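Peer 1: Quick one: the structure is below, questions incoming.
There are 2 protein chains.
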Amino acid sequence: MNAKERDRRRFLKEGVALAGLAMGAIRSANGQAPGSEQPGIRPGKFRAYGERSRFETAVRMQKSPGSSSSFAPLQDQMGIITPSALFFVQSVYSSGDDPLDIDPQQHRLLIHGMVDRPLTFTMDELKRLPSVSRIHFIECEGNSRFSIRGKNDAGVAETAQEIHGISGCSAWTGVLVSLLLREAGVQKGASWLIAEGAETNKMVRSIPLEKAMDDVIVAYGQNGEALRPENGYPVRLVVPGWDGNINIKWLRRIKVVDQPYMTHQESATRPSLRLDGKARWFQWEMGPKSVITRPSGGQRLPSRGFYEITGLAWSAGGAIRRVEVSTDGGRTYKDAQLQEPVLRKAFTQFTFPWNWNGEETVLQSRCTDERGDVQPTLAELGKIWGVTPEYWQATTNHINHFNPIFPWKVTREGSVHNALF
Amino acid sequence: MNAKERDRRRFLKEGVALAGLAMGAIRSANGQAPGSEQPGIRPGKFRAYGERSRFETAVRMQKSPGSSSSFAPLQDQMGIITPSALFFVQSVYSSGDDPLDIDPQQHRLLIHGMVDRPLTFTMDELKRLPSVSRIHFIECEGNSRFSIRGKNDAGVAETAQEIHGISGCSAWTGVLVSLLLREAGVQKGASWLIAEGAETNKMVRSIPLEKAMDDVIVAYGQNGEALRPENGYPVRLVVPGWDGNINIKWLRRIKVVDQPYMTHQESATRPSLRLDGKARWFQWEMGPKSVITRPSGGQRLPSRGFYEITGLAWSAGGAIRRVEVSTDGGRTYKDAQLQEPVLRKAFTQFTFPWNWNGEETVLQSRCTDERGDVQPTLAELGKIWGVTPEYWQATTNHINHFNPIFPWKVTREGSVHNALF
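Below, the structure written as structure tokens:
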């Protein structure tokens with residue numbers, strides 16, 4: 014019996030023992046069937062393209078009406094796949110997250126610049142090429158910053174959706190950029206790509222050629238069907254593990270060049286300023302980050318007893334190797350169970366059985382990726398940035414790549430709160 | 014460099030070389046950007062719960078209006094995840110695939126029969142228990158039979174959707190039945206479960222206890238969110254790898270018993286009669302089966318040149334280990350590339366680069382699972398059933414578990430047809 018199987022059995026055993034605490038309260042008195050009248054059942058209506066039940070109400074949430082940030086309800090997500098209908102939306106250069114409505118028959122993708130053979134593709138032509146389908150997360154570089162009260166932000170957020178909801182994970186289908194570039198013939202001296210979206214004001218980002226040749230996808234599919242309009246229909250870039258907004262939506266042109274272009278998104282808001290006056294430029298990799306999604310801020314535990322703590326972990330550094338959970342505010346940690354499949358640069362779900370004794374406590378998680386990088390505490394992250402903890406709350410800079418260990422406080426009444434500060 | 018990596022490189026190399034044939038024809042004349050006017054772009058509208066583009070039109074197809082079989086458009090599926098909105102529907106005991114409309118607050122699940130502690134669960138109680146999220150296929154046991162002209166069927170079908178579309182693969186989230194049964198305390202002598210849905214006429218199936226304790230899930234989630242009504246909202250069974258209709262939807266009761274109940278679905282249509290008068294009872298496992306989804310019946314290849322052949326393979330026997338593709342009607346086979354992730358009892362996508370020379374030919378695939386079971390030819394399957402090839406067309410019996418190698422004929426005009434007979 015290997016370590017993993019041993020872990021599995023231990024968790025199963027503990028899970029069952031602890032589950033008993035909850036089940037004890039809900040045992041049927043006489044073991045009879047629910048009443049034969051079966052209340053709450055009505056005939057429904059078949060739909061050729063299905064919709065969810067009228068009883069399900071989770072939606073993306075805009076921070077303010079018309080704003081360009083729509084947060085996904087991470088606390089409701091089951092497993093590692095974020096449904097396309099609920100995938101977060103950030104559309105910096107469009108109005109209020111309104112997507113473009115593009116006719117795929119008329120859309121073209123151009124590969125040009127320092128190439129031997131410039132190429133133009135229709136969508137049908139792209140779909141004839143060898144394809145890949147891969148599960149990857151995408152996370153906005155500003156995700157999680159609403160866990161603190163930065164001067165630029167409306168206020169501190171409480172829920173997993175408000176704090177961590179500009180992240181998601183889907184199966185992406187499309188053509189590897191490396192294939193397109195090999196066919197176009199990259200010229201000597203080329204070292205960067207400039208990728209451009211079809212918005213009127215253009216989203217443009219610079220991408221090192223080395224990353225593009227590694228694992229970047231020109232994606233037309235999400236979760237088994239075409240991309241949704243809000244997420245770049247008919248075609249977008251997927252740049253696994255990197256800044257959300259480098260994953261250019263409504264992709265129109267890829268230009269091969271010999272230097273980064275220092276576009277608006279790369280010069281105005283992207284650099285992370287440190288207190289010592291230095292800045293971190295072209296810091297693309299997201300994570301390692303882990304977030305407990307249940308229980309999480311805004312939820313309420315109805316009674317003491319058994320709960321399954323569950324959450325998500327991810328890193329640009331590759332696969333998640335370990336997630337530890339603390340139920341005592343970080344004094345002690347125990348290994349959580351990682352749910353299969355554990356994939357590189359993808360959400361990994363973790364679960365941890367917990368028996369709440371009714372006392373106030375703090376729940377938090379920390380993850381380690383395949384490179385050995387460990388999610389830092391807020392104090393450790395401060396040292397990396399060269400700032401004191403107070404900095405985070407006082408700064409007028411945008412805070413990006415913010416991945417400290419996130420604590421949830423559980424009160425004696427069972428309410429759950431953001432406890433980072 | 015291991016065999017897998019070598020395969021990957023060989024495919025990449027071949028893929029690129031072959032892709033060039035297609036790309037040659039679509040090279041931009043001058044390498045200039047698509048016109049700056051960008052035709053076909055309109056402003057869209059953000060939706061808090063997203064919908065697909067108005068240009069996407071794939072739908073589930075009912076064999077006849079009001080019938081209880083709705084086939085998924087497999088030929089359009091990207092990767093291994095079948096979108097919930099397009100997942101096939103079979104609702105034997107409801108009208109025309111109309112689902113039940115169940116209020117989850119009022120729904121109850123009962124575990125009773127030969128147990129020490131009968132249990133009743135609300136949905137909220139179920140969701141508090143330790144959960145798993147696993148990617149599994151579900152396939153109707155009658156899938157693919159419309160590839161032949163059985164006397165009971167309306168006619169031979171042509172497309173991947175019409176022939177193979179009562180199958181799908183999703184990420185399912187829920188509680189292992191083994192956990193529920195351990196908590197209920199299974200009594201000595203118990204050996205079967207009877208699972209019952211909430212339809213007025215009840216879908217009831219018998220399941221061996223051994224399978225239930227292995228990997229059966231009481232599932233409330235599909236592809237990251239709640240099940241859709243057509244697929245059993247708020248809770249269903251997922252019985253990995255087994256007969257579609259044993260995966261009871263709208264699950265209401267699980268009774269632990271000491272024998273199978275020989276329900277309507279187990280006595281009337283399930284046994285597969287052989288010519289020698291014998292019948293195969295309780296034959297649950299689906300596959301090994303593989304299907305080329307592109308190119309497939311009803312499609313048309315616009316010109317000679319490069320095409321990526323792609324398809325799906327699955328088996329109740331566990332993970333798919335190998336898929337081979339023939340582009341010459343079965344005279345020769347070559348290994349296809351398996352796309353990651355390759356998961357047990359789940360769809361596995363395969364791809365194969367193909368350069369069509371414009372001549373008539375036949376495309377087909379065969380798969381091998383981790384047990385070494387190989388998808389049979391129609392003649393080999395006939396031997397297993399004790400029948401001649403003519404039997405399949407002449408029988409008035411339902412044909413179930415039909416998994417021969419399926420050929421698609423490509424004509425010189427580029428049209429693709431079902432060529433099993």
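From first to last, the protein sequence lines stand for chains A and B.
Throughout the first sequence, residue numbering follows my numbering, covering 14 to 434 in sequence.
Throughout the second sequence, residue numbering follows my numbering, covering 14 to 434 in sequence.
Don't be surprised by glycine CBs; every beta carbon is placed ideally from N, CA and C.
Quick caveat, the model's predicted, so the values are computed rather than measured.
#1: On the criterion of 16 or more Cβ atoms from any shown chain inside 10 Å, does B/S303 qualify as buried, or is it exposed?
#2: In chain A, which residues lie less than 8 angstroms from B/R241 when you measure between Cβ atoms?
#3: Have a look at A/E138 and A/E243 and give me their C-alpha separation to the nearest angstrom.
#4: Report, in whole angstroms, the separation of the C-beta atoms of B/C153 and B/I94, which I expect to be a contact under 8 angstroms.
#5: Mind listing the chain B neighbours of A/I305? Cutoff is C-beta to C-beta under 8 angstroms, in chain order.
#6: Just confirm the distance between the C-beta atoms of A/H414 and A/M299, as a whole number of angstroms; I'd bet it's less than 8 angstroms.
#7: What span of residues does the beta strand (DSSP E) with A/Y404 cover, start to end?
#8: Please report how far the alpha carbon of A/Q362 lies from the alpha carbon of B/H411, in whole angstroms.
#9: Please confirm whether B/Q88 has its beta-carbon closer than 8 angstroms to some beta-carbon of chain A.
#10: Out of A/F159, A/W185 and A/E196, which has the shortest C-alpha to C-alpha gap to A/I179?
#11: Would B/M136 pass as a contact of B/H120 if the rule is Cβ separation under 8 angstroms?
#12: Which residues does DSSP pair with A/M74 in a beta bridge?
#13: Can you tell me where the alpha helix (DSSP H) with A/Q174 in it begins and where it stops?
#14: Hey, could you find the ends of the alpha helix (DSSP H) A/N55 is sitting in?
#15: Using 8 angstroms as the limit for Cβ to Cβ distance, is B/Q362 near chain A?
#16: Going by the DSSP bridge assignment, what does A/D114 pair with across the sheet?
#17: Please name the residue, chosen from A/R313, A/D382, A/M275 and A/G343, that lies closest to A/A326 on a Cα-to-Cα basis.
#18: Any residues in the region 143–177 of chain A with a beta carbon nearer than 8 angstroms to a beta carbon of chain B? Which ones, in chain order?
#19: Tell me the residue span of the alpha helix (DSSP H) that contains B/L391.
#20: Got a sec? Which residues, its chain only, sit under 8 angstroms from A/D12 by beta carbon, not counting five neighbours each side?
#21: So which residues of chain B does A/G237 contact, with C-beta pairs closer than 7 angstroms?
#22: Is DSSP giving A/A211 helix, strand or coil here?
#23: Could one say the Cβ of B/S83 lies closer than 8 angstroms to chain A's Cβ atoms, at least one of them?
#24: Counting only the same chain and skipping the five closest in sequence on each side, list residues whose C-beta sits under 6 angstroms from that of B/Y346.
#25: So, do the region 420–429 of chain B and the region 307–325 of chain B have three or more beta carbon pairs nearer to each other than 8 angstroms?
#26: For chain B, check one thing: does any of its Cβ atoms lie closer than 8 angstroms to the Cβ of A/V105?
#27: Is the shortest distance between the beta-carbon of A/F101 and the beta-carbons of chain B less than 8 angstroms?
#28: Start and end of the beta strand (DSSP E) containing B/E152?
#29: For B/A211, would you say it is in contact with chain A, using Cβ-to-Cβ distances shorter than 8 angstroms as the test?
#30: Pop quiz: A/Q103 and A/T172 are said to be a contact at Cβ under 8 angstroms. What is the actual Cβ separation, rounded to whole angstroms?
#31: Taking the straight line between their C-alpha atoms, what separation do you get for A/W398 and A/K291?
#32: Is the beta carbon of B/V248 closer than 8 angstroms to that of B/V229?
#33: With which residues is B/L433 paired in a DSSP beta bridge?
#34: Alpha carbon to alpha carbon, how far is A/Y404 from A/P315? Give it in angstroms, no decimals.
#35: Please report the distance separating the alpha-carbon of B/I54 from that of A/Q118.
#36: If contact means a Cβ-Cβ distance below 9 angstroms, which residues of the region 109–127 of chain B contact chain A?
Peer 2: In short:
#1: If you number the second sequence from 1, residue 303 of chain B lands on position 290. Buried.
#2: The residue given as residue 241 of chain B occupies position 228 in the second sequence. Those are G63, E64, R65 and S66, listed as they occur along chain A.
#3: What you label residue 138 of chain A is simply residue 125 of the first sequence in a count that begins at 1. What you label residue 243 of chain A is simply residue 230 of the first sequence in a count that begins at 1. Looking at the two C-alpha atoms, the distance is approximately 23 angstroms.
#4: Here residue 153 of chain B is taken as the residue at index 140 of the second sequence, counted from 1. Here residue 94 of chain B is taken as the residue at index 81 of the second sequence, counted from 1. About 19 angstroms; that fails the 8 angstroms criterion.
#5: Residue mapping note: residue 305 of chain A aligns to position 292 of the first sequence, counting from 1. Correct list: empty, because the minimum Cβ distance to chain B is about 14 angstroms.
#6: Here the question's residue 414 of chain A lines up with position 401 in the first sequence. Here the question's residue 299 of chain A lines up with position 286 in the first sequence. Between A/M299 and A/H414 the Cβ distance is about 7 angstroms, and since that is below 8 angstroms, they are a contact.
#7: Residue numbering aside, residue 404 of chain A sits at position 391 when the first sequence is read from its first letter. Per DSSP, A/Y404 belongs to no beta strand (DSSP E); it is in the alpha helix (DSSP H), P402 to A407.
#8: Your numbering for residue 362 of chain A matches position 349 in the first sequence. Your numbering for residue 411 of chain B matches position 398 in the second sequence. About 42 angstroms.
#9: Taking the second sequence and counting its residues from 1, the one referred to as residue 88 of chain B is at position 75. Judged by the 8 angstroms Cβ criterion, B/Q88 is not in contact with chain A.
#10: The residue given as residue 179 of chain A occupies position 166 in the first sequence. For A/I179, the nearest C-alpha among the options comes from A/F159.
#11: In the second sequence, counting from the first residue as 1, residue 136 of chain B sits at position 123. In the second sequence, counting from the first residue as 1, residue 120 of chain B sits at position 107. It is a contact, given that the beta carbons lie within the stated cut-off.
#12: For the purposes of this step, residue 74 of chain A is taken as residue 61 along the first sequence, with counting starting at 1. A/F84, per the DSSP bridge assignment.
#13: By 1-based counting over the first sequence, the position of residue 174 of chain A is 161. It spans A173 to H177 - the alpha helix (DSSP H) in which A/Q174 sits, taken as one unbroken run.
#14: Counting from 1 along the first sequence, the entry for residue 55 of chain A is found at position 42. According to the sequence displayed, residue 55 of chain A carries Arg and not Asn. A/R55 -> not in any alpha helix (DSSP H); beta strand (DSSP E) instead, spanning I54 to P56.
#15: Against the second sequence, residue 362 of chain B aligns to sequence position 349. At least one chain A Cβ lies under 8 angstroms of B/Q362.
#16: One-based indexing of the first sequence puts residue 114 of chain A at position 101. Answer by DSSP bridge pairing, in chain order: B/R55.
#17: As a first step, residue 326 of chain A is located in the first sequence; it is residue number 313 there, counting from the start. If we check each option's Cα against that of A/A326, A/D382 comes out closest.
#18: P143, S144, V145, S146, R147 and I148
#19: Residue 391 of chain B sits at position 378 when you count from the first residue of the second sequence. L391 to W398 is the extent of the alpha helix (DSSP H) around B/L391.
#20: Because chain A is modelled from 14 through 434, residue 12 of chain A falls outside the range shown and cannot be assessed.
#21: Residue 237 of chain A sits at position 224 when you count from the first residue of the first sequence. Per Cβ cutoff of 7 angstroms: Q90, M91, G92, I94, T95 and P96.
#22: Against the first sequence, residue 211 of chain A aligns to sequence position 198. Note: A/A211 maps to coil in three-state DSSP.
#23: Stepping through the second sequence from its first residue, residue 83 of chain B is reached at position 70. Output row for B/S83: interface = yes.
#24: Position 333 of the second sequence, counted from the start, is the residue given in the question as residue 346 of chain B. For B/Y346, where only same-chain residues beyond five positions count, the Cβ hits under 6 angstroms are E337 and S339.
#25: yes
#26: In the first sequence, the residue the question calls residue 105 of chain A occupies position 92. False, the Cβ-Cβ gap to chain B never drops below 8 angstroms.
#27: To locate residue 101 of chain A, count along the first sequence from 1; it is residue 88. No - not a single Cβ of chain B is within 8 angstroms of the one on A/F101.
#28: If you number the second sequence from 1, residue 152 of chain B lands on position 139. Note, B/E152: beta strand (DSSP E), V145 to E152.
#29: Taking the second sequence and counting its residues from 1, one reaches residue 211 of chain B at position 198. Output row for B/A211: interface = yes.
#30: Indexing the first sequence from 1 puts residue 103 of chain A at position 90. Indexing the first sequence from 1 puts residue 172 of chain A at position 159. A/Q103 to A/T172, Cβ: 18 angstroms. No contact.
#31: Position 385 of the first sequence, counting from 1, holds the residue named residue 398 of chain A. Position 278 of the first sequence, counting from 1, holds the residue named residue 291 of chain A. Cα to Cα, A/W398 sits roughly 10 angstroms from A/K291.
#32: As a first step, residue 229 of chain B is located in the second sequence; it is residue number 216 there, counting from the start. As a first step, residue 248 of chain B is located in the second sequence; it is residue number 235 there, counting from the start. In this structure, B/V248 does not lie closer than 8 angstroms to B/V229 by Cβ.
#33: Counted from its first residue, the second sequence places residue 433 of chain B at position 420. The partner list for B/L433 (beta bridge, DSSP) is empty, contrary to what the question assumes.
#34: As a working note, residue 315 of chain A is residue 302 in the first sequence. As a working note, residue 404 of chain A is residue 391 in the first sequence. Cα to Cα, A/P315 sits roughly 37 angstroms from A/Y404.
#35: Position 41 of the second sequence, counted from the start, is the residue given in the question as residue 54 of chain B. Position 105 of the first sequence, counted from the start, is the residue given in the question as residue 118 of chain A. Using only the alpha carbons, I get a separation of about 11 angstroms.
#36: G109, D110, D111, P112, L113, D114, I115, D116, P117, Q118, Q119, H120, R121, L122, L123, I124, H125 and G126
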